[in-house]
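So in this note's numbering, the last one in the sequence shown is 174, and the numbering has no gaps at all. Written below as structure tokens is the structure these notes are about.
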Amino acid sequence: MGGSTGETTHEETRGKAEEGEKNILLPDGLVMRDLEESDYGKGYMELLSQLTSIGAVTEEQFKDQFALFSQRATDYHVMVIEDTVNSRVVATGTLLIELKFIHSCGEIGHIEDIVVHSSVRGKHLGQRIIQTLTDLAKKQGCYKVILDCDEKNVEFYKKCGYSVKNVGMAKYF
Numbered sequence: 002m003g004g005s006t007g008e009t010t011h012e013e014t015r016g017k018a019e020e021g022e023k024n025i026l027l028p029d030g031l032v033m034r035d036l037e038e039s040d041y042g043k044g045y046m047e048l049l050s051q052l053t054s055i056g057a058v059t060e061e062q063f064k065d066q067f068a069l070f071s072q073r074a075t076d077y078h079v080m081v082i083e084d085t086v087n088s089r090v091v092a093t094g095t096l097l098i099e100l101k102f103i104h105s106c107g108e109i110g111h112i113e114d115i116v117v118h119s120s121v122r123g124k125h126l127g128q129r130i131i132q133t134l135t136d137l138a139k140k141q142g143c144y145k146v147i148l149d150c151d152e153k154n155v156e157f158y159k160k161c162g163y164s165v166k167n168v169g170m171a172k173y174f
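Listed below in structure tokens is the structure:
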């Protein structure tokens, strides 16, 4: 998984970008990259807590889960944006690839866990994460990408090119 010096305002999505892909424009001091094991110490779990309840995840649990994600790297893609000046993860999102029998044994991308730290909202970082994950799903051959969101976030996702389709349902255990 890639790292960065953070010395530039233009950063390729490491590990996922193909040769010749256009750079993702980010403000100075911010880089987009794959999740790394060291991100636990860079506030990754704190960032996720701004999205939902995360429970008490220890560093050891994080590393174990990270290892599982790494073993399934073709199906799980966790992108982060790091503030390299402060060594903090300030945005994240996940793409999960689901195998299907329909659509000629096609694949669907599921975008999950999109969150931008409250201190840097309004800089289009969420849109950059969404666009990167959407492009990645397309490159991997997914015939569609879907996501669930709260009603209050519908307009944001419309700005990212998504449209309201169907009704989401959930049963929690």
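Even glycine gets a Cβ: it sits at the ideal position worked out from N, Cα and C.
Report task. Output the residue ranges of the beta strand (DSSP E) runs that lie fully inside the segment 49-136 and measure 3 residues or longer, sorted by chain position. Result -> For the segment 49-136, whole beta strand (DSSP E) runs of length 3 or above, ordered along the chain, are 77-84, 89-100 and 108-117.
Query raised in the report: Along the chain, where does the beta strand (DSSP E) that runs through LYS160 open and close?
Result: Taken as a continuous stretch (DSSP letters only), LYS160 belongs to no beta strand (DSSP E), being part of the alpha helix (DSSP H) at 155-160.
**Report entry** Helix, strand or coil at MET46 [DSSP, three-state]
**Finding:** The three-state reading of DSSP puts MET46 in helix, counting H, G and I together.
Report task. Can you have a look at TYR45 and say buried or exposed, based on whether 16 or more other CB atoms are within 10 angstroms of its CB? Result -> Burial call: buried.
Query - Close beta carbons around ALA74, own chain, < 6 Å, minus the five adjacent residues each side - result: Excluding sequence neighbours, ALA74 sits near nothing in its chain.
**Report entry** Proximal residues to CYS161 (C-beta, below 6 Å), its chain only, five neighbours per side dropped
**Finding:** Excluding sequence neighbours, CYS161 sits near GLN128 and ILE131.
Query raised in the report: Just the Cα atoms here: how many angstroms apart are SER164 and TYR158?
Result: Answer to the nearest angstrom: the Cα atoms are 7 Å apart.
Requested in this report: Would you mind stating whether LEU126 and ILE55 have Cβ atoms separated by less than 9 Å?
Outcome: In this structure, LEU126 sits away from ILE55, with a CB-CB distance that is not shorter than 9 Å.
Report task. Can you grab the Cα-Cα spacing for the pair GLU99 / CYS150, in whole Å? Result -> Cα-Cα distance, rounded: 19 Å.
Requested in this report: Can you tell me which of the three DSSP states CYS143 falls into?
Outcome: Three-state result, CYS143: coil.
**Report entry** Length of the line joining the Cα atoms of GLN62 and ALA68
**Finding:** In this structure, the CA atom of GLN62 is about 10 Å from the CA atom of ALA68.
Query raised in the report: Given a threshold of 16 other Cβ atoms within 10 Å of its Cβ, counted over all protein chains shown, does ASP65 qualify as buried or as exposed?
Result: By the 10 Å Cβ count, ASP65 comes out exposed.
Query - CA-to-CA distance, ILE109 to THR95, given in whole angstroms - result: Distance between the alpha carbons of THR95 and ILE109 is about 13 Å.
Query - Identified DSSP bridge partners for VAL32 - result: GLU83.
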